[in-house]
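A.B. asks: The structure follows.
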Amino acid sequence: MSTKTEPINLRWAQGQVYSSEKRFRVLVAGRRFGKSYLSCVELLRGAINRPGETFFYCAPTYRMAKDIAWRALKKLVPKVWIHTKNETDLRIELINGSTIELKGTENAMALRGRSLSGVVLDEAAFMDSEVWFEVIRPALADKEGWALFISTPDGTA
202 MSTKTEPINL
212 RWAQGQVYSS
222 EKRFRVLVAG
232 RRFGKSYLSC
242 VELLRGAINR
252 PGETFFYCAP
262 TYRMAKDIAW
272 RALKKLVPKV
282 WIHTKNETDL
292 RIELINGSTI
302 ELKGTENAMA
312 LRGRSLSGVV
322 LDEAAFMDSE
332 VWFEVIRPAL
342 ADKEGWALFI
352 STPDGTA
């Protein structure tokens with residue numbers, strides 16, 4: 202298994218989402234578009250640009266978050282930027298004090314009480330709307346954090 206950091210390479214369509222300056226963005230695209238990879242790039246960009254802040258990658262379940270994004274995120278973040286990495290909690294703290302955490306939304310109550318500067322909601326079509334309206338949106342309010350919703354069309358491929 203390689204531990205080498207991979208360069209960031211975005212396709213044209215991914216670049217259109219990446220370059221958008223909107224606070225809340227929605228990306229609905231088919232499988233193999235690179236939505237999850239793009240989300241990891243967005244989280245890393247946020248963590249670099251806002252030292253000491255917290256960023257979440259959320260999927261419908263904790264297991265999905267790990268299966269979809271953990272390996273890609275670890276490959277994307279240069280080792281020299283990592284202060285600590287917790288494989289159990291799926292959490293990376295950068296040397297600038299920012300953290301990126303992977304979460305499942307199956308227990309929305311466990312996500313409450315956090316202040317966030319950015320969040321990716323992967324497979325958002327499969328999440329209960331309560332997660333956004335009652336948990337994530339309020340967590341973004343005080344820091345004017347951003348959100349990227351990504352999913353396949355209507356939750357299907």
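Residues in the sequence shown are numbered from 202 upward in steps of one, following the numbering used here.
Note that beta-carbon positions come from the ideal geometry of N, C-alpha and C, so glycine has one too.
Closest by CA to Lys-275, which one among Ile-301, Ala-340, Val-321, Arg-251?
C.D. replies: Within the sequence shown, residue 275 is the residue found at index 74, counting from 1. Ranking the options by Cα distance to Lys-275, first place goes to Ile-301.
A.B. asks: Do you know how far the Cα of Thr-289 is from the Cα of Gly-216?
C.D. replies: Position 15 of the sequence shown, counting from 1, holds the residue named residue 216. Position 88 of the sequence shown, counting from 1, holds the residue named residue 289. Their Cα atoms are separated by approximately 32 Å.
A.B. asks: Within this structure, are the beta carbons of Ala-309 and Glu-324 separated by less than 8 Å?
C.D. replies: Numbered from 1 along the sequence shown, position 108 holds the residue referred to as residue 309. Numbered from 1 along the sequence shown, position 123 holds the residue referred to as residue 324. No. Outside cutoff.
A.B. asks: Evaluate Phe-256 with the Cβ neighbour count: other Cβ atoms within 10 Å of its Cβ, from every protein chain shown; 16 or more gives buried, anything less gives exposed.
C.D. replies: For the purposes of this step, residue 256 is identified with residue 55 of the sequence shown, where counting begins at 1. When all chains shown are included, Phe-256 counts as buried.
A.B. asks: Assuming the contact rule is C-beta atoms closer than 8 Å, Ser-316 and Arg-251 should be a hit. Round their C-beta distance to whole Å, please.
C.D. replies: By one-based count along the sequence shown, residue 316 stands at place 115. By one-based count along the sequence shown, residue 251 stands at place 50. 12 Å between Cβ atoms; not a contact.
A.B. asks: Return the residue from the list Arg-212, Gly-253, Met-328 that minimises the CA-CA distance to Ile-351.
C.D. replies: The count along the sequence shown starts at 1 and reaches residue 351 at position 150. For Ile-351, the nearest C-alpha among the options comes from Met-328.
A.B. asks: Kindly indicate which three-state DSSP category Glu-324 falls into: helix, strand or coil?
C.D. replies: As a first step, residue 324 must be located in the sequence shown, where it is residue number 123. Three-state DSSP puts Glu-324 in coil, outside helix and strand.
A.B. asks: Starting from Gly-247 and walking both ways along the alpha helix (DSSP H), at which residues does that stretch end?
C.D. replies: Position 46 of the sequence shown, counted from the first residue, corresponds to residue 247. Segment 236-250, the alpha helix (DSSP H) holding Gly-247.
A.B. asks: Look at Val-320 and Leu-341 and say whether their C-beta atoms are less than 8 Å apart.
C.D. replies: One-based indexing of the sequence shown puts residue 320 at position 119. One-based indexing of the sequence shown puts residue 341 at position 140. Yes, the pair counts as a contact, with Cβ atoms nearer than the cut-off.
A.B. asks: If you count every other CB in all the chains shown that lies within 10 Å of the CB of Trp-333, and 16 or more means buried, which is it?
C.D. replies: As a working note, residue 333 is residue 132 in the sequence shown. Trp-333 should be labelled buried.
A.B. asks: Decide if Val-242 is buried, meaning its Cβ has at least 16 other Cβ atoms within 10 Å, or exposed.
C.D. replies: Taking the sequence shown and counting its residues from 1, one reaches residue 242 at position 41. Buried, by the Cβ-count rule.
A.B. asks: Measuring straight from C-alpha to C-alpha, what distance separates Met-202 and Val-281?
C.D. replies: On the sequence shown, position 1 is the one that residue 202 refers to. On the sequence shown, position 80 is the one that residue 281 refers to. Confidence at Met-202 is low in this model, with a pLDDT of 40, below 50, so the placement of that residue should be treated as unreliable; the coordinate-derived value is given next. Between Met-202 and Val-281, the C-alpha separation is close to 19 Å.
A.B. asks: Helix, strand or coil: which one does DSSP assign to Phe-350?
C.D. replies: Position 149 of the sequence shown, counted from the start, is the residue given in the question as residue 350. DSSP places Phe-350 in strand when its eight states are reduced to three.
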